[in-house]
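Numbering (the numbering used here), first residue to last: 0 to 182. Ideal Cβ placement from N, Cα and C applies to all residues, glycine included. All figures in this text were calculated on a predicted structure; none of them were measured in a lab. Comments concern the structure below.
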Amino acid sequence: RSLLLAVAALQTLAVGWMVFDRVSLLSRGREITAAVVPVDPRDIFRGDFVILGYAFNSATDVALPPGSRQGDTVYALLKTTGPAEWTLAALSATKPEAAGEGEVVLRATVDHVPPRSDVGGPLMGRLRYGIERFYVPEGTGRALEAQVREKRIEAVLAVGADGKAAIKGLKVDGALVAEEPLL
């Protein structure tokens, strides 16, 4: 009986920590706004979520830190080039420090490294930041899908000190239209 109670308590603590971690990031993380770009106009909405792309995470491969493999954590230094416009300035295997207000560091996972991608040049691959999907209330996805294709949507992101990012909400023409509930 005490073993069963200990297992139940451990599971409750694990779930509680996941909820606390997410709420903490959304409420205390640095807030930035990033323009959303269409990923694939034929398959942008599946079920109850919208797939989002960003200028700093295009569908093309980027130069990875030497020795990177699929599943590795890397850090992307982003610089702002205008309102809601962020570009990838550098990638590193260790977390760099953001130098000012116009910079932010995002933690990413190496999502794909094509075989033999480093022959004759830098190692190339794709990244995943964990902010590529936004879950929406049922029935609202079609309208958001059209606005993403029209490039009218911006994502409001919360970025923690460790580089972890989460989507706080979506803006259309500057107005908040969808927001991630804290609980």
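ARG0 to ALA7 span [Cα, whole Å]:
In the sequence shown, the residue the question calls residue 0 occupies position 1. In the sequence shown, the residue the question calls residue 7 occupies position 8. The alpha-carbon atoms of ARG0 and ALA7 are separated by roughly 11 Å.
Under three-state DSSP, which class holds LEU3?
Position 4 of the sequence shown, counted from the first residue, corresponds to residue 3. Here LEU3 sits in helix by DSSP.
If you measure between the beta carbons of GLY52 and GLU131, is that distance less than 9 Å?
Numbered from its first residue, the sequence shown carries residue 52 at position 53. Numbered from its first residue, the sequence shown carries residue 131 at position 132. In this structure, GLU131 lies closer than 9 Å to GLY52 by Cβ.
Would you mind sorting TRP85 into buried or exposed? The rule is 16 or more other CB atoms within 10 Å of its CB.
Taking the first residue of the sequence shown as position 1, residue 85 is located at position 86. Burial check for TRP85: the Cβ neighbour count within 10 Å reaches 16 or more, so the residue is buried.
Hey, could you find the ends of the alpha helix (DSSP H) GLU96 is sitting in?
Looking up residue 96 in the sequence shown gives position 97. In the DSSP assignment, GLU96 falls outside any alpha helix (DSSP H) and carries neither an H nor an E.
Identify, in the order they occur along the chain, each residue of the same chain with its Cβ nearer than 8 Å to the Cβ of LEU87, setting aside the five sequence neighbours on each side.
On the sequence shown, position 88 is the one that residue 87 refers to. Hits under 8 Å: PHE55, ASN56, VAL61, ALA75, LEU76 and LEU77.
Can you have a look at LYS150 and say buried or exposed, based on whether 16 or more other CB atoms are within 10 angstroms of its CB?
Here residue 150 refers to the residue found at position 151 of the sequence shown. It is exposed - the Cβ of LYS150 has fewer than 16 other Cβ atoms within 10 Å.
What residue does the beta strand (DSSP E) around ARG141 start on, and which one ends it?
Counting from one through the sequence shown, the residue named residue 141 turns up at place 142. Residue range 140–148 is occupied by the alpha helix (DSSP H) that includes ARG141, with no beta strand (DSSP E) assigned at that position.
Taking DSSP as the reference, what is the three-state secondary structure of THR108?
In the sequence shown, residue 108 corresponds to position 109, counting from 1. Taken through DSSP and simplified to helix, strand or coil, THR108 comes out as strand.
Opposing strand residues paired with MET123 [DSSP bridges]
Along the sequence shown, one-based indexing puts residue 123 at 124. Answer by DSSP bridge pairing, in chain order: ALA62.
Rounded to whole angstroms, what's the CA-CA distance from ASP20 to GLN10? Just pull it up for me.
On the sequence shown, position 21 is the one that residue 20 refers to. On the sequence shown, position 11 is the one that residue 10 refers to. Each residue's Cα considered, the two are about 15 Å apart.
Is the beta carbon of VAL35 less than 9 Å from the beta carbon of ILE152?
Taking the first residue of the sequence shown as 1, we reach residue 35 at position 36. Taking the first residue of the sequence shown as 1, we reach residue 152 at position 153. Contact: yes.
For ALA160 and ILE31, I'd like the C-alpha separation in whole angstroms.
Your numbering for residue 160 matches position 161 in the sequence shown. Your numbering for residue 31 matches position 32 in the sequence shown. ALA160 and ILE31 have their alpha carbons spaced roughly 13 Å apart.
Shortest alpha-carbon distance to THR79 belongs to which of VAL73, LEU63 and GLY101?
Position 80 of the sequence shown, counted from the first residue, corresponds to residue 79. Comparing C-alpha distances from THR79 to each of VAL73, LEU63 and GLY101 shows the shortest one belongs to GLY101.
Residue range of the unbroken beta strand (DSSP E) whose run includes LYS167:
Taking the sequence shown and counting its residues from 1, one reaches residue 167 at position 168. For LYS167, the enclosing beta strand (DSSP E) begins and ends at 164–171.
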